[in-house]
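Chains as they are written, first to last, in my numbering: chain A, 18 to 335; chain B, 54 to 355; chain C, 14 to 537. Working notes, structure below.
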Amino acid sequence: MFGIILRRLVYAIPIALGVSVVCFSLVYLAPGDPLQTILPADATADTIALIKHEYGFDRPIPVQFLLWLWHVVQGDFGVSIATRRPVTAEVLGSLANTVMLTSFAIPLSFVIGYTMGAIAGCFPGTWLDRVVTGSAVMGVSLPNYWVGIVLVIIFSVELMVLPATGMGLKGSAAFSIFDWNDAKFLILPVITLSLVPVGILARSTRAAVAEVRGQDFVITLRAKGLGEFAIIRHVLKNAMPPVLAVMGLQFGYLMGGSILVETVFTWPGSGFLLSKAIINRDIPVLQGAILMLAMVFVAANLVVDLLQAAIDPRIRRT
Amino acid sequence: MSTTVAGMPDSNLWPTETTQETQVRGYWGSVLRRLGRDKATLIFGLVLLLIVGVAVFAPLVAPFDPYKESIAGRLKPFGWRGHLLGTDELGRDLLTRLIYGARSSLLTGTVPVLIATIIGGSLGVIAGFGGRRVNTVIMRTMDVFYAFPSVLLAVAISGAMGGGMLNGMIALSMVFTPAMCRIAETTTSQVRSLDFIEAARATGAGTFMIIRHHVLGNVLGPVFIYASSLVSVSILLGSGLSFLGLGVKPPEADWGLMLSTVRQSLYVNPIICALPGAAIFITSVCFNLVSDGIRGAMDVRL
Amino acid sequence: MMRRLLPAIAAVALMAAGAARAESTITVAMTADDLPITTGVPDQGFEGYRFVGLSLYDALTSWDLSKSDKAAALVPGLATSWSIDPANNKRWIFKLREGVKFHDGCAFTADDVVWNLQRYTDKTVPQFETFQFALARPYLTSYASAEKIDAYTVAIETKTPDSLFPYPLSLIPMISKCRAEAVKYDWNAYANQPSGTGPYRFAKSVPHERMEFVPNTEYWDVARRPKQDRLVLVPMPEASTRVAALLSGQVNFIEAPPPDSMARLKSAGMSVLTNTYPHNWAYQLNFVSGPFTDVRVRRAANYAINRPDVKEMLNGLMEEGYSTIPPSTPFFGNPVLYKFDAAKATALLKEANCYPCNITLAISTSGSGQMQPLPMNELVKSQLEAVGFKVNFEVMDWNALLDVGRGGPDKFPKIHGIKISRAAMDPFYALIRHVARSQWSPAGGNWGHYEDPVVEKLVSDISAEFDEGKRLALIKGLNERMNDQAVMIWVAHDVNPRALSPKLKGFVQAQSWFQDLTPITVSP
Chain A
18 MFGIILRRLV YAIPIALGVS VVCFSLVYLA PGDPLQTILP ADATADTIAL
68 IKHEYGFDRP IPVQFLLWLW HVVQGDFGVS IATRRPVTAE VLGSLANTVM
118 LTSFAIPLSF VIGYTMGAIA GCFPGTWLDR VVTGSAVMGV SLPNYWVGIV
168 LVIIFSVELM VLPATGMGLK GSAAFSIFDW NDAKFLILPV ITLSLVPVGI
218 LARSTRAAVA EVRGQDFVIT LRAKGLGEFA IIRHVLKNAM PPVLAVMGLQ
268 FGYLMGGSIL VETVFTWPGS GFLLSKAIIN RDIPVLQGAI LMLAMVFVAA
318 NLVVDLLQAA IDPRIRRT
Chain B
54 MSTTVAGMPD SNLWPTETTQ ETQVRGYWGS VLRRLGRDKA TLIFGLVLLL
104 IVGVAVFAPL VAPFDPYKES IAGRLKPFGW RGHLLGTDEL GRDLLTRLIY
154 GARSSLLTGT VPVLIATIIG GSLGVIAGFG GRRVNTVIMR TMDVFYAFPS
204 VLLAVAISGA MGGGMLNGMI ALSMVFTPAM CRIAETTTSQ VRSLDFIEAA
254 RATGAGTFMI IRHHVLGNVL GPVFIYASSL VSVSILLGSG LSFLGLGVKP
304 PEADWGLMLS TVRQSLYVNP IICALPGAAI FITSVCFNLV SDGIRGAMDV
354 RL
Chain C
14 MMRRLLPAIA AVALMAAGAA RAESTITVAM TADDLPITTG VPDQGFEGYR
64 FVGLSLYDAL TSWDLSKSDK AAALVPGLAT SWSIDPANNK RWIFKLREGV
114 KFHDGCAFTA DDVVWNLQRY TDKTVPQFET FQFALARPYL TSYASAEKID
164 AYTVAIETKT PDSLFPYPLS LIPMISKCRA EAVKYDWNAY ANQPSGTGPY
214 RFAKSVPHER MEFVPNTEYW DVARRPKQDR LVLVPMPEAS TRVAALLSGQ
264 VNFIEAPPPD SMARLKSAGM SVLTNTYPHN WAYQLNFVSG PFTDVRVRRA
314 ANYAINRPDV KEMLNGLMEE GYSTIPPSTP FFGNPVLYKF DAAKATALLK
364 EANCYPCNIT LAISTSGSGQ MQPLPMNELV KSQLEAVGFK VNFEVMDWNA
414 LLDVGRGGPD KFPKIHGIKI SRAAMDPFYA LIRHVARSQW SPAGGNWGHY
464 EDPVVEKLVS DISAEFDEGK RLALIKGLNE RMNDQAVMIW VAHDVNPRAL
514 SPKLKGFVQA QSWFQDLTPI TVSP
């Protein structure tokens with residue numbers, strides 16, 4: 018087991034390096050001047066030159082990359098052009114807010130998705146199966162940012178029962194999930210964010226359940242005279258690992274993929290930070306945020322891989 | 054939003070094609086027969102055909118000029134002066150805008166997938182058939198792009214390039230290429246080790262001949278099915294980019310863009326805000342269900 | 014026993030009394046997409062000044078924001094009076110206000126003025142900050158040096174005679190030298206404990222999300238001591254989000270609600286305020302190449318614009334724009350106005366031999382002061398095309414448009430006009446920078462490289478004229494000349510709509526980019 022962990026970790030290093038190259042070069046695709054947002058509309062050439070020098074943008078690009086990488090390895094992602102706060106602090110702070118969303122959205126969608134998928138998988142071909150499968154397809158086909166807008170219209174503007182935007186009355190720093198006045202800010206974004214994973218998890222659960230039901234041991238159990246309920250219990254237990262794997266991957270996706278939902282709800286998470294960095298052309302934040310999010314994603318994949326290997330010895334191959 | 058990117062072909066291979074024509078016809082025949090029995094797929098397929106038809110013949114079908122504004126006729130309700138679905142924030146006919154919007158949505162749904170299929174598929178076949186070194190270079194490069202969640206990569210690339218429909222499509226193509234490449238590579242490697250390829254090699258067929266005759270036939274199926282399942286992902290991502298202002302630019306009609314511009318008029322006529330979203334939703338559902346149906350009929354597991 | 018209990022009872026009673034009077038808070042939803050910086054000159058445009066810069070800080074000169082029925086005038090701020098040295102028309106003498114204290118308790122004196130001006134301009138002093146230098150630069154173009162005469166008198170020299178110098182000085186906040194030295198010029202540390210002389214003290218901020226101010230109970234201008242307990246600023250760039258936040262009670266003061274939300278806001282009992290202010294929604298034109306080099310084409314374009322229609326589209330939320338400044342501006346003068354006349358426009362185009370007249374305009378999808386950019390640009394396009402123009406839009410994001418704005422016609426010869434809204438507060442910003450030779454892009458705001466000997470003469474006369482009455486006449490003449498030459502396509506002046514919860518009372522909306530929130534009371 019230790020060998021596997023080591024091998025996967027070593028394997029992740031060149032990927033991480035590649036990812037950092039992609040992150041760094043991405044932003045040089047950008048047209049225009051990286052510093053233009055902070056420059057006043059009438060900035061003169063000497064002002065621009067002075068600021069460029071201050072931020073190191075006047076160096077050759079390979080030098081900039083190596084310097085950047087050298088600092089990144091030490092955990093220093095530079096300083097935001099717009100706010101001049103350290104990028105590491107910016108990204109970690111917003112990442113924590115996104116984790117707040119996903120850590121509610123993922124369990125919620127797992128419970129709902131697994132239940133739906135289990136029902137469909139246990140009664141294949143029935144109307145129940147069709148309803149569940151149909152809703153699952155709808156879940157993955159929904160533009161979730163649109164659902165977010167619709168929910169805001171209904172619950173914030175018309176009924177006025179839930180807040181429309183932001184993270185708590187006092188901002189994310191003072192956010193407490195144990196205070197209803199803060200916690201209610203979570204409800205709409207979490208529901209919106211859960212829709213797609215619910216669909217995906219329901220579909221994979223259904224497939225997993227169907228596969229387990231076809232396996233020999235179920236036939237054996239049935240031949241042994243086990244009741245249908247007990248068999249279902251066995252089936253569901255055995256269908257769990259692959260679904261958990263999908264859930265782990267979804268966690269990684271949502272970390273970087275919540276950008277649209279966070280934009281609709283002005284949730285101060287990583288996606289929101291990223292979209293703002295794009296609008297402002299805040300290159301250090303863009304680089305740092307994308308890199309860190311990709312790393313979270315790689316780590317999530319790695320963890321899922323290792324857990325699967327731990328659970329199922331057959332996967333322990335290179 | 055990425056539905057099946059995690060999916061990978063497993064040992065259940067695509068039914069192996071042989072050189073005997075009759076067997077091929079028999080397989081496709083049974084696929085068609087199975088499809089014919091699948092009422093749901095047929096119905097949604099018809100809806101999809103309708104959407105595609107309307108998009109292609111938009112100038113003939115649309116009741117109004119998509120760019121014709123009217124200040125007096127802004128945000129009008131259903132049926133106002135012949136505007137079946139009312140008008141948008143500039144007084145343009147909403148139905149017409151939706152019809153024209155289908156064009157850009159279908160384009161952003163299919164073009165990137167097509168490009169990714171061609172590039173990713175070829176790279177995958179090359180990786181699967183080339184030597185170990187070629188394989189390593191191609192697949193490890195793909196792994197790097199795999200390390201990004203798809204939404205993040207799409208937003209990052211098109212955001213960095215400054216938005217626009219073309220840049221959005223390039224971004225989406227780059228998002229889908231690694232997945233296509235993996236599918237093609239896995240299938241190719243599996244096919245390559247099969248007996249009939251060895252036999253073909255023994256009879257003196259060149260590599261190119263083998264790829265053309267045997268490998269492609271076997272790889273195209275899974276690649277096609279996987280590609281069809283990506284179309285709805287691509288539509289959702291593409292309209293998401295437009296919603297963020299990184300995709301199609303005004304005054305072009307696009308569902309994602311319409312959603313973001315009519316948002317300001319939410320309080321006057323909420324229903325017009327719902328329509329573009331519903332259009333995205335319906336098209337995406339249709340693509341998903343039809344893709345599922347075809348996959349079921351072709352009996353391929355991804 | 015009783016002796017121990019009594020203080021406890023008293024404490025409980027006190028707490029109850031405190032709770033009975035709930036803290037009154039103004040929560041403002043700004044249009045900015047991030048919180049403005051607090052280290053002196055704010056970013057986020059004039060909105061940054063409006064809510065942060067001029068709340069925490071004062072400048073030597075200030076604006077009278079107490080009236081809504083006439084244009085805000087320049088008034089004394091930290092300087093009580095100023096005059097030009099009779100012996101040297103490049104040397105200004107500022108008399109400073111005595112007894113003013115920074116939030117940290119240090120007294121404000123002439124040393125602070127010199128120290129601050131050096132901070133914004135002199136690369137060699139320890140308090141110099143590149144970022145602040147860049148932000149302050151446009152306002153200090155004519156500044157040369159500052160010198161302390163006594164504790165409450167400062168002399169400031171300009172490079173050339175500049176009669177308008179006191180205006181941009183209103184945009185140069187005086188920060189606390191004590192605090193900057195206490196944090197050893199670590200501006201990130203300073204940003205979280207800024208100290209100024211303004212009516213509000215910094216309380217705390219959550220980056221990107223909210224910033225909280227509390228009243229400066231010792232503010233030197235007693236009339237402007239804030240009448241609420243707390244001022245909270247929240248950036249909310251999405252207009253519909255701001256409306257939703259106001260309607261759901263998350264905030265009680267929103268900037269720029271979209272025109273289409275007015276009916277809904279009013280029906281929910283919100284007060285919607287508008288007022289004219291020196292804002293200019295117009296196209297700056299290319300005078301180097303393309304059709305607009307011909308004054309007839311420029312006039313034709315102005316005749317083509319049906320401004321009442323634009324106003325109707327915005328539900329009345331604009332003032333028809335016929336000049337760079339709204340008519341209520343003191344230096345408006347008596348310019349020629351191009352009222353809508355399609356026939357005349359077509360005739361002029363034909364006369365100029367540009368029919369159909371192909372033009373390319375660069376516009377953005379959003380941006381500071383752009384109002385409702387897409388619908389307005391679309392409507393203008395259809396109006397221009399109705400008289401014989403063929404309009405091609407280059408749609409870009411705000412930053413790309415600013416890049417075009419800085420690049421000028423040499424870098425972007427194929428673009429014949431750009432739509433960047435500019436503030437038009439004082440004569441220099443409103444008029445001179447758009448037409449003076451010295452302001453040719455990229456050096457200044459004269460994007461299209463306009464050059465006109467009549468204008469040059471007027472500009473140099475204005476700068477050297479220190480008699481206010483005579484200067485006013487010259488400035489009016491400049492505005493009249495700019496209209497005669499149709500140097501822009503004028504469309505609208507924003508009316509700065511904002512919506513307030515009915516619980517907020519006492520707000521007076523000034524005819525200015527800046528507003529005074531201090532008189533607002535909040536009823537529970």
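Even glycine gets a Cβ: it sits at the ideal position worked out from N, Cα and C. Here the structure is a predicted model, which is why all the values come from computation and not from measurement.
**OP:** Spell out whether any CB of chain A is found under 8 Å from the CB atom of C/Ala32.
**Re:** Residue placement at C/Ala32 cannot be trusted, given a pLDDT of 45 that sits under 50; the coordinates are not used to answer.
**OP:** Under the assumption that B/Val208 contacts B/Leu297 (Cβ atoms under 8 Å), give the Cβ distance between them as a whole number of angstroms.
**Re:** 7 Å
Subject >> Interfacial residues, the stretch 141–153 of chain B to chain C, with Cβ spacing under 7 Å >> reply: Glu142 and Leu143
**OP:** Select from the stretch 252–263 of chain C all residues with a C-beta closer than 7 Å to any C-beta belonging to chain A, and list them in chain order.
**Re:** Thr254, Ala257, Ala258, Leu260, Ser261 and Gln263
Original post:
Is A/Ser292 close to chain B, meaning its C-beta is less than 8 Å from at least one C-beta of that chain?
Top reply: yes
Subject >> Outcome for C/Glu289 when other beta-carbon atoms lying within 10 angstroms are tallied against a minimum of 16 >> reply: The question names Glu, but residue 289 of chain C in the sequence shown is Thr. By the neighbour-count rule (16 or more Cβ atoms within 10 Å), C/Thr289 is buried.
Original post:
Once you ignore the five residues that flank B/Gln317 on each side, which residues in its own chain have a CB closer than 8 Å to its CB?
Top reply: Glu142
**OP:** Report the option in C/Ser476, C/Thr93, C/Glu464 and C/Ser218 whose CA atom is closest to the CA atom of C/Leu244.
**Re:** C/Ser218
Original post:
Taking only beta-carbon atoms, is B/Arg245 less than 8 Å away from chain C?
Top reply: no
**OP:** Say whether chain E places a C-beta atom closer than 8 Å to the C-beta of A/Ile32.
**Re:** Among the protein chains in the structure shown, which are A, B and C, there is no chain E.
**OP:** Rank C/Phe215, C/Leu130, C/Glu111 and C/Phe141 by C-alpha distance to the C-alpha of C/Thr122 and give the top, closest one.
**Re:** C/Glu111
**OP:** Compute the distance between the beta-carbons of A/Gly188 and A/Phe202, then report whether it is under 8 Å.
**Re:** no
Original post:
Would you call B/Gly212 buried or exposed, if buried means 16 or more other Cβ atoms sit within 10 Å of its Cβ?
Top reply: With 16 or more other Cβ atoms from the protein chains shown falling within 10 Å of its own Cβ, B/Gly212 counts as buried.
Original post:
Can you tell which of C/Met409, C/Met389 and C/Asn129 has its C-alpha closest to the C-alpha of C/Ser377?
Top reply: C/Met409
Original post:
Near B/Cys234, what residues of its chain come up, given a Cβ to Cβ distance below 6 Å and the 5 sequence neighbours on each side ignored?
Top reply: Gly173, Leu176, Gly177 and Met195
Original post:
Nearest-angstrom Cα distance between C/Leu259 and C/Leu513?
Top reply: 8 Å
Subject >> Euclidean distance between Cα positions of C/Asn201 and A/Arg102 >> reply: Rounded to the nearest angstrom, the two C-alpha atoms are 7 Å apart.
Subject >> Best match in A/Ala326, A/Met272, A/Gly305 and A/Gly244 for proximity to A/Gln91 [C-alpha to C-alpha] >> reply: A/Gly305
**OP:** State the beta-bridge partners of C/Lys161 as determined by DSSP.
**Re:** C/Val167
Subject >> Start and end residues, alpha helix (DSSP H) containing C/Glu325 >> reply: Arg320 to Met326
Subject >> Candidates C/Ala375, C/Thr287, C/Lys470 and C/Tyr335: closest to C/Val404 by CA position >> reply: Ranked by Cα distance from C/Val404, the first of C/Ala375, C/Thr287, C/Lys470 and C/Tyr335 is C/Ala375.
Original post:
Within the 8 Å Cβ cut-off, does B/Pro304 reach chain C?
Top reply: yes
Subject >> Contacts around C/Thr342, its chain only, beta-carbon distance under 8 Å, and the 5 residues preceding and following it disregarded >> reply: Same-chain partners within the cutoff: Ala84, Pro291, Ala437 and Ala443.
**OP:** Below 8 Å on the Cβ atoms is my guess for C/Leu109 versus C/Leu87; work out the distance and round it to an integer in Å.
**Re:** That pair is no contact at about 17 Å.
Subject >> Contacts of C/Val508 in chain B (Cβ-Cβ under 8 Å) >> reply: Per Cβ cutoff of 8 Å: no residues; C/Val508 is ~17 Å from chain B at best.
Original post:
Could you give the distance in angstroms between the alpha-carbon of B/Phe201 and the alpha-carbon of C/Arg511?
Top reply: 42 Å
Subject >> Closest residue to C/Ala360 among C/Phe345, C/Ala314 and C/Pro339 (Cα-Cα distance) >> reply: Comparing Cα positions, the closest option is C/Ala314.
Original post:
Is the distance from the Cβ of B/Thr230 to the Cβ of B/Ala169 below 8 Å?
Top reply: yes
Original post:
Looking only at its own chain, which residues have a Cβ that is under 7 Å from the Cβ of A/Gly269, when we skip the five neighbours before and after it?
Top reply: Same-chain partners within the cutoff: Val313, Phe314, Ala317 and Asn318.
Subject >> 8 Å Cβ cutoff met for C/Ala358 and C/Val417 >> reply: no
Original post:
Who are the neighbours of B/Arg193 on chain A, taking C-beta pairs under 8 Å?
Top reply: Among the residues of chain A, those whose CB is under 8 Å from the CB of B/Arg193 are Pro31, Ile32 and Gly35, following chain order.
Subject >> heavy atom of the ligand GTP below 7 Å from A/Asn255 C-beta >> reply: Among the ligands in the structure shown, none appear at all, so the ligand GTP cannot be discussed.
Original post:
Just the Cα atoms here: how many angstroms apart are C/Thr166 and C/Ser434?
Top reply: 38 Å
Original post:
Would DSSP call C/Ala499 helix, strand or coil?
Top reply: coil
Subject >> Delimiting residues of the beta strand (DSSP E) encompassing C/Lys217 >> reply: Tyr213 to Val219
Original post:
In the stretch 204–229 of chain C, which residues sit with their C-beta less than 7 Å from some C-beta in chain A, listed in chain order?
Top reply: Val219, Pro220, His221, Glu222 and Arg223
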